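J.: Just so we're aligned, residue 1 is where the sequence shown starts under the working numbering, counting upward by one.
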Amino acid sequence: MYVTSQGGRNVIAGRLVGSGLRFSEVRKSMPGVTLEGAAAIVVIGDALPKLTERGIIKPEDFPLLRHLHAVVAKDEILNMPWNTFFGAQA
């Protein structure tokens, strides 16, 4: 667990995205590597609009997950919306 948290595949991918690479570029630089964290972000992130439509959650709920989903699933550049994490809107 300690090794994974300090430099596992998901940590390496996150550092690369944080350095300015798009997720698609990160995937290309890590061929054959399974990124369970990214897969989970896609699955859970895909569910958020459906849950919002059903009124189970609000559009402003889960801002971190929504942004990570945009970065991983939609290949957007990382631009962390820090102000949305503390009760303010973007």
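For glycine and all other residues, C-beta sits at the position ideal for the given N, C-alpha and C.
None of these values were measured; they are calculated from a predicted model.
In terms of residue numbering, what span does the alpha helix (DSSP H) encompassing S29 cover?
T.: Start and end: 23-29.
J.: Using the C-alpha atoms, what's the distance from L68 back to G45?
T.: One C-alpha to the other measures close to 8 Å.
J.: Apply the 10 Å Cβ neighbour rule to N10 and answer buried if 16 or more other Cβ atoms are within range, or exposed otherwise.
T.: So N10 ends up on the buried side.
J.: By Cβ distance, which residues of its chain are closer than 7 Å to P63, with the 5 residues on each side in sequence left out?
T.: Excluding positions up to five away in sequence, the list reads P81, T84, F85.
J.: Are I41 and V17 touching if we call contact CB-CB under 7 Å?
T.: No, the pair does not count as a contact, with Cβ atoms beyond the cut-off.
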